[in-house]
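For the sequence shown, counting from 1, position 121 maps to 141 in the working numbering; every step adds exactly one.
First up is the structure itself, then whatever we jot down about it.
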Amino acid sequence: MKFPKSIEQYYLDVEKIKKYGGTDNELSVKVAFKKLVDVYVKSQSLLLIDELSYKTEDGKILYPDGTLKDSIRLNRGFWESKDIYDDIDKEIKNKIAKGYPTSNIIFENSEVLVLYQNGEEKDRCNFSDDDDLDRILMSFVRFRPREIIDFHDAIERFKEEIPGILEVLNEEIEERIKIDKKFKKNIDDFLLKCKDAINNNIIFSDVREMIIQHILTQDLFTSVFDDSDFHRSNTIAIEIQ
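Okay, here's the thing in structure tokens:
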């Protein structure tokens with residue numbers, strides 16, 4: 021078991037909530053469960069954030085109880101809590117029908133924990149079984165959706181290919197300067213603006229680096245992050261454009 025003390029503390033927290041508050045309803049008990057899940061989440065350098073909006077394919081906005089995020093804001097999983105007196109299977113069916121994602125999500129009602137991955141139920145357990153509880157929570161936080169794997173693979177390929185890309189862009193800029201007088205004038209004008217606005221020691225090679233970075237980031241922001249506004253609102257990007 022990965023975090024036996026944390027699971028033991030969870031049981032104690034729930035008992036204290038019941039003893040002091042006289043209740044075991046969803047809103048009261050789910051605080052203790054989130055505290056437990058956070059231990060597993062932090063072990064993977066992730067963050068479980070409450071009530072973030074999620075847009076379904078048909079445009080509906082949903083608010084899972086928790087969304088698992090990584091450091092670059094990608095969704096890694098979801099958590100949905102139900103009341104202890106709810107029929108967990110019926111509630112899961114209703115949530116899925118509404119469009120809740122099933123790529124990696126845990127449903128629970130403080131008695132039963134159910135894990136869905138890749139669109140189907142992968143595991144379930146009773147909360148009283150600490151070994152099973154630990155296993156499912158570890159599966160939840162360690163899961164990497166296909167799109168996440170593809171994204172990181174693409175980053176690694178990009179790192180490998182970037183030297184060749186930079187060489188080609190450098191050659192293209194040098195060739196364009198030789199054959200296009202207007203382009204060369206624009207480069208010279210931009211260099212003067214940079215000297216005036218940023219630092220008088222800026223030279224042509226610095227400007228060339230700015231142009232290359234602009235080309236690369238523009239492609240990334242528009243194709244990966246769908247954020248062309250970055251280049252429309254960035255002063256230097258506007259000048260380069």
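For each residue, glycine too, the CB sits at the ideal point set by N, CA and C.
The structure displayed is predicted, hence computed values, not measured ones.
Can you find the residues in the same chain that come closer than 7 Å, C-beta to C-beta, to residue i, ignoring five residues on each side of it along the sequence?
i	result
Ser26	Leu56, Val59
Ala52	Tyr30, Asp33, Val34, Ile37
Short check: CB of residue i to CB of residue j, under 8 Å?
i	j	result
Leu135	Trp99	no
Gly97	Thr122	no
Asn146	Val132	yes
Lys215	Ile207	no
Phe127	Lys89	no
Asn124	Phe163	yes
Asp85	Lys50	yes
Starting from the C-beta of residue i, find all residues in its chain whose C-beta is less than 8 Å away, skip the five residues before and the five after it, and write them out in chain order.
i	result
Glu259	Confidence at Glu259 is low in this model, with a pLDDT of 47, below 50, so its placement is unreliable and the value that follows should be read with caution. Answer for Glu259: Phe210, Lys213, listed in chain order.
Is it buried or exposed, residue i, if we count other Cβ atoms within 10 angstroms and call 16 or more buried?
i	result
Ile129	With the sequence shown as reference, residue 129 is identified as Asn, and Ile is not the correct amino acid for it. Buried, by the Cβ-count rule.
Pro24	exposed
Val34	buried
Phe224	exposed
Gly184	exposed
Ser91	exposed
Lys38	exposed
Thr87	buried
Tyr30	buried
Ala117	exposed
Lys204	exposed
Lys198	exposed
Met9	Outside the shown range of the chain, which is 21 to 261, sits residue 9, and nothing can be said about it.
Since residue i and residue j should fall inside the 8 Å C-beta cutoff, what is the C-beta to C-beta distance between them, to a whole number of angstroms?
i	j	result
Asp78	Gly119	7 Å
Leu189	Ile232	5 Å
Q) At which residue ranges does the stretch 58–137 contain complete beta strand (DSSP E) runs of 3 or more residues, listed in the order of the chain? A) 67–70, 86–89, 95–101, 124–128, 132–137
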